[in-house]
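Notes for the one structure printed next.
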Amino acid sequence: MRFPKFATLALPLAWFLSCCTLQAQTSPDTQGAIRNGNFEKSVSSPNLWAGVDASGSLAGFLASQPMLDPSGSLPGENEPTPMPVSVAVGDLNGDKLPDIMAADPVGYIRIYFNTGTAQEPKFGVGELSLPFLSRSEGDPPWIPDGFSGDERNRWMLRWVNRRQGVRLGLYDSGGKLSFVAGNYFGDVYNIPNEGGATSPRFSQPKSLVKDAVPTMKDPNFRWGNIFAPLYYDWNGDNRPDLLLGEGSYSANNVHLFINNGSAASPVFSEDKRQALALGQGRLQLTPALADFNGDGKLDILVIDRAANVTVYLRPATWAAGDSIPPSGYLAKAGGLTPETAIPAPTTAYSAGSGLNTLATGDLNGDGLFDLVFGRSNGRSAWAVNKGTKEQPKFESPVELKGEKPTPETWKTPSEWDIDVGVKRGNFYAYANCVTAETDPESKPAEGKAALKFGFADPVNKIVPKPAIVFPAPILLGRKADRVEFGDLLSGSSERRSLDAPANFFMMRNKSIEYDVGKTYVVSFQVRGAKVRNGKVNMAYSGYKKLGETRFEKGERGAAKAIRNEIYDRVDFSFDFRPTATWSTVTKEFKVEFPKQAELNKEPKSSGAVIEICFEMDPPDGFFYIDDLKIVPK
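Encoded structure:
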């Protein structure tokens, strides 16, 4: 199967990842042709670096991906499917209490250590851990024939975004827990624990392409995607095998790859892939393991796109090549439903709406396995088992809670699109409107507020703090040109963000209108440290309709539209370099159209944008900006 052609994504900027609340402001906005250049108006967005949102729920960043619907069709580019958090349960610090590992769909992995008791779990903040498996490092394995220019660039964007949506599963590796991870695109990674049973340490693969666990002969022809992997010695030969849930189209199954290598160096072959748990039309499958009926053998529990959990009871005997049909759905009243057909009966247990992932573990120490769900709202939930070992019965899921971060929220400026590199792996980066009261070091140059970019303090106590800056990938056979405008006036930062290193920051405002023929001065106040490659990109356009559109008849009855209109755009850029104290950056320009003189007779420009971008080094780089004006000279 050649991987399907996906619609272009139009994802929101990573910092607007949750519902925002407008903060009332009374300060006047006197910034000339631009709105909120003094950063006095803001919206609240959650501080999710510690993995807990303002409500106290365990939470991660949100992301959506294009996904085939139950009919096998791909929805439009503006209808991507929200992807779920992936969860796993295990004792990661050797204190005999189950901890939770969670990977949000952007690709950040957090470990929530259990600080409660065996009977009453309690979770703190989420300690961020490497690896970050969503970062692209080069061209995709293939680019469709005939793709060039913008079409090729859009394909590259899809390639980068498809690496998101990480699914993970913990496994024992010599008395300590390691994990295996899969992603939306269909890659699998074995991530060994390089630390110990009480202090886990995971590293970034040297190459996301070369270090992937091979599950297919030719990456140009992928047999599946949306992989949810588990390691488990299914055939009892003391070597971990790979169980792989997938979600590419309606023939989803949980596949089994028998390990032809060793415990330390597993080897899997696509030629020996087999369907172990038959999906029979169920979509986007995530497997988990538990002894469901108390017979001492681990059975397969699979959650699907409809948030129902199907159980596959392991037969008394199993031989290579055997497939297991579904035994029934989890039932609300306990045990299994007698029905296995799709859709699930009304008596079936449901994890809730949207895509979910699934893990199992005894969180309350009663000897019964509980269910942990990762949800597409970015949160994790727990369903307590109130049944017996022979017939489990689960309560409704409740969201897991942790310690609220400090601060609980950031204030992001209204009218501005902000990109701090969350989707590129820029750990701990933030943008926040600060005042002298909330940040005594800010000393705003004008008004009460200034916009600050910086890096949050890590909360890690056990897991080593991620200290890595991902470089700009080499895409389209060239190094990234971060000065290139791309499609600046369209408002999309995705193309330029694609080529940037992780620590590239960008802010953009399109609430600008110019009088044609006037000279303007753009100015702003800045100060900062460890800031490089500061650049201001500006553009404006003009448009005039001269007459009606006419149509010319072409070959074989085709009609060609001949538009009677003129259009022009002007863009320019200039550099800046902040210092430790507030300094002023200015640039004078005249709004005119040298290529289309007719547009100089129009009263207003038809579109304008300003973009300010820079690179900043963690962990203590900072950048303040205030009093941005675009005023007539």
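Using our numbering, read the sequence shown as starting at 43 and increasing by one per residue.
We put the beta carbon where it would ideally sit given N, CA and C, even for glycine.
Three-state secondary structure assigned by DSSP to residue i
i	result
Ala-478	coil
Val-464	helix
Val-673	strand
Leu-518	In this prediction, Leu-518 has a pLDDT of 47, which is less than 50 and means its spatial position is unreliable; nothing more can be read from the coordinates.
Leu-749	Limits of the chain in this structure are 43 at one end and 675 at the other, which puts residue 749 out of reach.
Asp-146	coil
Asp-557	strand
Asp-459	strand
Lys-374	coil
Gly-313	Residue identity check: residue 313 is Asp in the sequence provided, not Gly. Of the three classes helix, strand and coil, the one that applies to Asp-313 here is helix, per DSSP.
Leu-59	The predicted model places Leu-59 with a pLDDT of 37, which falls under 50 and marks its position as unreliable; any figure quoted below should be read in that light. In the structure shown, Leu-59 sits in coil (DSSP, three-state: anything other than H, G, I, E or B).
Cys-655	strand
Ser-69	At Ser-69 the pLDDT is 39, less than 50, meaning the model places this residue with poor confidence and gives no usable figure here.
Met-125	coil
Gly-74	strand
Ser-307	coil
Glu-441	strand
Ser-290	coil
Asn-89	coil
Gln-433	coil
Met-549	strand
Pro-271	strand
Thr-379	coil
Phe-664	strand
Ala-390	strand
Arg-569	strand
Lys-138	coil
Residue range of the unbroken beta strand (DSSP E) whose run includes residue i
i	result
Glu-607	607-618
Trp-624	Where Trp-624 is concerned, there is no enclosing beta strand (DSSP E), given that its DSSP letter is neither H nor E.
Tyr-679	Residue 679 lies beyond the residue range present for the chain, which begins at 43 and ends at 675; the question has no answer from this structure.
Asp-109	This sequence places Met at residue 109; Asp is not what is there. First-last for Met-109: undefined, no H or E at that position.
Tyr-354	351-354
Ser-422	422-425
Glu-169	165-171
Pro-329	328-332
Asp-404	Unbroken run through Asp-404: none, as it is neither H nor E.
Ile-342	341-345
Tyr-470	It is not in any beta strand (DSSP E) - Tyr-470 carries neither H nor E in the DSSP assignment.
Asp-279	Per DSSP, Asp-279 belongs to no beta strand (DSSP E) and is neither H nor E.
Phe-495	491-497
Asn-232	230-233
Gly-211	209-214
Gly-224	219-224
Short Cβ contact (8 Å threshold) for residue i with residue j
i	j	result
Pro-455	Asp-668	no
Lys-453	Ala-96	no
Pro-645	Lys-560	no
Asn-551	Ile-652	yes
Lys-339	Arg-356	yes
Tyr-585	Tyr-556	no
Asn-575	Glu-640	no
Ala-101	Leu-110	no
Leu-442	Ser-99	yes
Gly-416	Pro-126	yes
Gln-326	Gly-266	no
Leu-104	Pro-147	yes
Tyr-391	Ser-369	no
Val-230	Gly-224	yes
Gln-567	Glu-488	yes
Ile-384	Gly-323	yes
Pro-543	Ala-514	yes
Pro-242	Val-505	yes
Phe-317	Ser-365	Checking the sequence shown, residue 317 turns out to be Ala, not Phe. Yes. Within cutoff.
Val-129	Ala-349	no
Met-548	Asp-610	no
Gln-73	Lys-671	yes
Leu-284	Phe-299	yes
Ile-142	Ser-422	yes
Val-351	Ile-345	yes
Ile-151	Leu-134	no
Integer-rounded CB distance, given that residue j should sit under 8 Å from residue i
i	j	result
Gly-496	Phe-174	About 20 Å separates the two Cβ atoms, so there is no contact after all.
Pro-88	Thr-480	Actually they are not in contact, since the Cβ atoms of Pro-88 and Thr-480 sit about 17 Å apart, beyond 8 Å.
Pro-282	Asn-301	6 Å
Asn-295	Leu-320	6 Å
Pro-387	Thr-379	6 Å
Ile-654	Val-578	5 Å
heavy atom of the ligand ZN below 7 Å from residue i C-beta
i	result
Gly-207	For the structure depicted, the ligand ZN is absent and the ligand set is empty, with no information on it obtainable.
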